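Residue numbers (the working numbering): 4 to 587.
Now the structure itself:
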């Protein structure tokens, strides 16, 4: 009887997010979810596919020529590194430049009656930035992206932001000039007053270095879409977004309920999402901000298009940031690309990708920053984690780092640092997430205020205090990284930096596959899907010495990602109690 009770506990998926009852798959496009199969069948090798082949499929994508019904071929550009080992030789030919809305308009011709559902007149929020406009922004209380300069989250004031930005303006202007020279060399737009370019130079070492130094702010939307493979998605799915928007208009289900709650929590300090922040603009409860409406449509459409993901907190911030730089249709397809190729399964119903990527990151820290691992590679009670327990009993640090991946650093780093990282991610692929996460961890360790490097604690109380301080320091330190160039230079420079640029996409993919295999074997051994136990169920298991020795996975997920992922519920509750005991 007691054994039966234990088996029942193991079989209850208490923390698994369920798919919406109203969701359905647009299966006519059966290619789209080949990379996002849920790991749900215990021991199945095919469940590992998302971590083996994360690259876009080879082939050709078609970009409509301006003013014609013909198409020009653009060799598909994948997310592989352009290189450590082999130069990307993608070539782009015969594509006309023109109005950035041309492709969007062409994709809607098949569904003209649906135009009323989507607002095509929302202008790009980021206007072309001249030297005059950049300097004029110093007199504004909002930054060039519409965020309030005065931020309690990043302990920033208008004065401190302007001091930093006045020094950053020359970098933006220099980068714009370098991009114009590069574009001219490839026969592309070469004037600062030209329309925003739709296409960009093929991947190369030179382009990669320029991307790492930053894409011009007003070009970001088109450049991200181009290098991430957005045109391939868009041209294979002409009219699909509008069809989904039509199907989901007025839909009400579990996903839409959560979406509605999160809409107005998305960038409440940004004037495009909350226009009443601007002086002289009165709040109108009867009139919704166009950005909020667009955000609702994209999130609802995505939940319908990807029912195996539905809606997960943090997706609203990803889409919200994309909408500042591109149309909602493009933002939709970029979100598809993010969840398929950049952070696969991280937002899936069972959050398997979170578990996998955190396992990969912990292995990387163990391998490449052993000094830091000797400090953080412990359970909350101070027990040193054995190598074979890294993947099944993660250290408390994963409470912090899981949020880095789910939000792709939105809300973790200051906005300019986030955007510079996104430039690299959409050009180089998901390996950039791991490279930069390692860099942040190393920066934390090298900081003089990092508790683990300042003293050798002897008694248990001091060790516990150190662990709490380390946790808090790594959680808060990224908010102070206002200089994105410093972060990126440290990441990639071999001399005078940390040199994490050696970490290749192939290595990340192999490591993801390894972690997924280990987790699959654990589930097979126990006959259950680990990590889906409620607090009460986990407490019951922890009360059994036998089961506690055999099952170490303590993952869970309940809170909003932006307020901290509660992904080890036991550690989270202990941490809360410990922090509460400390004097102010």
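C-beta: ideal position from N, C-alpha, C; glycine also.
A quick note: this is a predicted structure, and the numbers were derived from the prediction, not measured.
Suppose the cutoff is 8 Å on Cβ atoms and the five residues either side in sequence are ignored; what does the same chain contact list for residue 427 look like? 214, 215, 435, 439 and 491
According to DSSP, residues forming a beta bridge with residue 154: 159
Point to revise | Member of 449, 250 and 514 whose CA lies at the smallest distance from the CA of residue 493 | key: 449
query: Would you call the CB atoms of residue 363 and residue 409 closer than 8 Å?
result: no
* Asked: Cα separation between residue 150 and residue 274?
  -> 7 Å
Is it a yes or a no for the stretch 316-336 touching the stretch 413-422, going by three-plus beta-carbon pairs under 8 Å? yes
**OP:** Return yes when the Cβ of residue 375 is within less than 8 Å of the Cβ of residue 382, no when it is not.
**Re:** no
Taking residue 221 and residue 130 to be in contact with their CB atoms under 8 Å, please state how far apart those CB atoms are, rounded to whole angstroms.
6 Å
Point to revise | Coarse secondary structure for residue 86, derived from DSSP in three states | key: Low per-residue confidence applies at residue 86: pLDDT is 38, beneath 50, and the placement is therefore not dependable enough to give any value.
For this session: May I ask you to report which of helix, strand or coil DSSP gives residue 416?
Result: strand
Residue 123, DSSP secondary structure in three states = In this predicted model, residue 123 has a pLDDT of only 49, less than 50, meaning its place in the structure is not dependable; the value taken from the coordinates is given anyway. Three-state result, residue 123: coil.
* Mind checking residue 598: buried by the 16 CB within 10 Å criterion, or exposed? -> One cannot answer for residue 598 here, as it falls past the ends of the chain, which runs 4 to 587.
Q.
Just verifying my parser: in three-state terms, what is the DSSP assignment at residue 387?
A. strand
Q. What are the complete alpha helix (DSSP H) segments, minimum 4 residues, inside the stretch 216-291?
A. 223-230, 233-239, 243-251 and 257-266
Exercise. By a C-beta neighbour count over all protein chains shown, 10 Å radius and 16 as the cutoff for buried, is residue 188 buried or exposed?
Worked result: exposed
Q: Could you round the C-beta distance between residue 338 and residue 521 to whole angstroms and report it? I think they count as a contact, below 8 Å.
A: In fact, because the Cβ distance is near 29 Å, the residues do not count as touching under 8 Å.
Consider the C-beta atom of residue 443 and the heavy atoms of the ligand SAM; say whether any pair is separated by less than 7 Å.
Because no ligand of any kind appears in the structure shown, any question about the ligand SAM cannot be addressed here.
Item to complete: With residue 349 as the anchor, note down where its alpha helix (DSSP H) starts and where it stops.
Response: Careful: residue 349 lies outside any alpha helix (DSSP H) and carries neither H nor E.
| said: Can you tell me whether residue 374 is helix, strand or coil according to DSSP? | reply: helix
Worksheet entry | residue 447 and residue 474 closer than 8 Å at C-beta | no
message: With DSSP as the reference, identify every bridge partner of residue 429, one or two as the case may be.
response: DSSP output for residue 429 lists no bridge partner at all.
**Asked** How many Å lie between residue 284 and residue 277 at the Cα?
**Response** 10 Å
Requested in this report: Can you say whether residue 233 is buried or exposed, counting buried as having 16 or more other CB atoms within 10 angstroms of its CB?
Outcome: buried
Alpha-carbon spacing of residue 261 relative to residue 191, whole angstroms:
44 Å
**Report entry** Continuous alpha helix (DSSP H) stretch holding residue 405: start and end
**Finding:** 401-409
* To do: Please determine, among 471, 132, 525 and 425, the residue with the shortest C-alpha to C-alpha distance to residue 179.
  => 132
Next item on the list: Within 10 angstroms of the Cβ of residue 451, are there 16 or more other Cβ atoms? Answer buried if so, exposed if not.
Entry: exposed
With H, G and I counted as helix, E and B as strand and the rest as coil, what does DSSP make of residue 381?
strand
Counted within 10 angstroms of its Cβ, other Cβ atoms place residue 2 as buried (16 or more) or exposed: Past the boundaries of the shown model lies residue 2; the chain is included only from 4 to 587, so the question cannot be answered.
Legend entry - For residue 252 and residue 420, the rounded distance between their alpha carbons: 36 Å
Worksheet item: Would residue 172 pass as a contact of residue 138 if the rule is Cβ separation under 8 Å?
Response: yes
Notebook entry, point to check: Is it buried or exposed for residue 347, if we count other Cβ within 10 angstroms and need 16 for buried?
Noted result: buried
In whole angstroms, what is the alpha-carbon distance linking residue 265 and residue 257? 13 Å
Review point. Relative to the alpha-carbon of residue 211, which residue among 227, 298 and 500 has its alpha-carbon at the smallest distance?
Key: 227
- prompt: DSSP state of residue 145, grouped into three classes?
  reply: strand
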